[in-house]
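Working notes, beginning with the structure itself.
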Amino acid sequence: SRADALLTVRDLEAWYGESHVLHGINFDVRAGEVVTLLGRNGAGKTTTLKSIMGMIAKRKGSITFEGKELMHSPARYVAKAGIAICPEERGIFSSLSVEENLMLPPKVREGGLTVQQIFELFPNLKERLNSQGTKLSGGEQQMLAIGRILRTGAKLLLLDEPTEGLAPVIVQQIGHTISRLKNEGFTIVLVEQNFHFAASVADRHYIVEQGRTIDMIENRDLQANEGKLHAYLGV
Ligand code: ATP
C-alpha cells in the first residue's frame, strides 16, 4: 500500500446474502484529497462506502485507515477511528428541528465541530435553526446531512451522491462546501453520477464497473481521457 495513504482499500469483496456484488475494489486516498468513485448505476459504489464503514456483514479484503486494519471492526469502531458516512438518503428526521438533527450523532472523538462551527460553515442552516426537517429544501437537507457528520470528529468523510436531485445552483453550493471542507483539512471520498460536478471538485477519480475498480484518472488528465470516460460512463 502507498506509504502516504490515509485510506487503503485492497481486493475488497462484498455480498448481500448470497449475492456477490463487489469483486475487487482497490483504491487509495491521501490525507486532504478529494477522490471520487464514478460508475454506472449498480456498479457497487454505495456498497464500497458501506463496506468501509463496516455496514456490510459479509465482506473480505483489506481496509486500512491510518495504517490500522478495519476489516474486522464494527461500524462503531470505524466511526471512532475517524470515518463518517453521509448516506444517499440523507437520513434527516423530518419531525426534528435543524438544531436537533445536528445534535443527533454522538461526538465519538476529539476534534468534532460544535453546532456553532457547523453554522459558520453553513450560514443558511443557522437561519433555519428551529425549522423542522420537512420544511427544508433538498439543498438545505443535504447541507444538514453533511454538517451533521462533522460533529462526530471524523476526518475522512464518505459522501454518497450529495448532488442527487438538486438544482444546478444548489449543486454549485455543495461544490463550494466540499472545496471548503478540503481547505479545512478534511479528506473526502465522493460517490457521484454527476460527472461534471465530480470534475469540478476532485483530485482523482476511480472508475467502478461491475464491482471492480477498473481505472484511475487524475482530474488534470480528464480531457485527455474523454474517450475512455465516455466508454466507461456514457457521458
Ligand atoms: P447506485 O448509484 O444505483 O446506488 P451503486 O454503484 O452505488 O449504484 P450499489 O448500490 O452499491 O451500486 O449496488 C451494487 C449492486 O448490489 C447492485 O446490483 C444492487 O442491485 C445490489 N444491491 C444493493 N443493495 C442491495 C441490498 N440491500 N440487497 C441486495 N442487493 C443489493
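When the letters of the sequence shown are read in order and numbered with the UniProt record's numbering, they come out as residues 14 to 248.
Here a beta-carbon is modelled for each residue, glycine too, at the ideal position from N, C-alpha and C.
Nearest neighbour of Leu-163 by Cα position, chosen from Gln-129, Gly-151, Asn-143, turns out to be Gln-129. Distances from the CB of Gln-186 to the heavy atoms of the ligand ATP are all 7 angstroms or more. Here DSSP, grouped into helix, strand and coil, assigns Thr-165 to coil. In this chain, the alpha helix (DSSP H) harbouring Gly-240 covers 239 to 246. Inter-segment contact for the segment 34 to 53 and the segment 224 to 237 is present: three or more beta-carbon pairs are separated by less than 8 angstroms. According to DSSP, Asp-173 shares a beta bridge with Val-204.
Residue environment analysis places Gln-236 among the exposed positions, since fewer than 16 neighbouring C-beta atoms fall within 10 angstroms of its C-beta. Lys-120 sits exposed, since fewer than 16 C-beta atoms from the chains shown fall within 10 Å of its C-beta. Of all residues, those with a beta-carbon under 5 angstroms from at least one heavy atom of the ligand ATP are Tyr-29, Val-34, Asn-54, Gly-55, Ala-56, Gly-57, Lys-58, Thr-59, Thr-60, reported in chain order. Of the candidates Gln-185, Ala-70, Glu-46, the residue whose Cα lies closest to the Cα of Thr-176 is Gln-185. Under the three-state reduction of DSSP, Phe-132 is assigned to helix. Cβ contact annotation for Ala-88 (same chain, cutoff 7 angstroms, sequence separation greater than five): Met-66, Gly-67, Met-68, in chain order.
Residues of the same chain with a CB within less than 7 angstroms of the CB of Ala-158, apart from the 5 flanking positions on each side, are Cys-99, Arg-103, Gly-104, Ile-105 in chain order. Under the three-state reduction of DSSP output, Val-48 falls in the strand class. According to the DSSP assignment, Ile-230 belongs to the beta strand (DSSP E) that extends over 225 to 231. By alpha-carbon distance to Leu-20, the top candidate from Leu-194, Asp-234, Ser-86, Lys-81 is Lys-81.
The beta carbon of Lys-195 lies closer than 6 angstroms to those of Val-47 in the same chain, with the five residues before and after it left out. If you compare the alpha carbons of Ser-110, Tyr-245, Ile-76 with that of Ala-18, the shortest gap goes to Ile-76.
Following the DSSP letters along the chain, one finds Lys-71 in no alpha helix (DSSP H) but inside the beta strand (DSSP E) bounded by residues 71 to 78.
Judged by DSSP in its simplified three-state form, Ile-105 adopts coil rather than helix or strand. If you look at Glu-26, you'll find it in the beta strand (DSSP E) that goes 18 to 29. By the beta-carbon neighbour count (other beta carbons within 10 angstroms, threshold 16), Thr-147 is exposed. For His-85, no alpha helix (DSSP H) encloses it, and the DSSP letter there is neither H nor E.
Between Val-34 and Ala-27, the C-beta spacing is below 8 angstroms.
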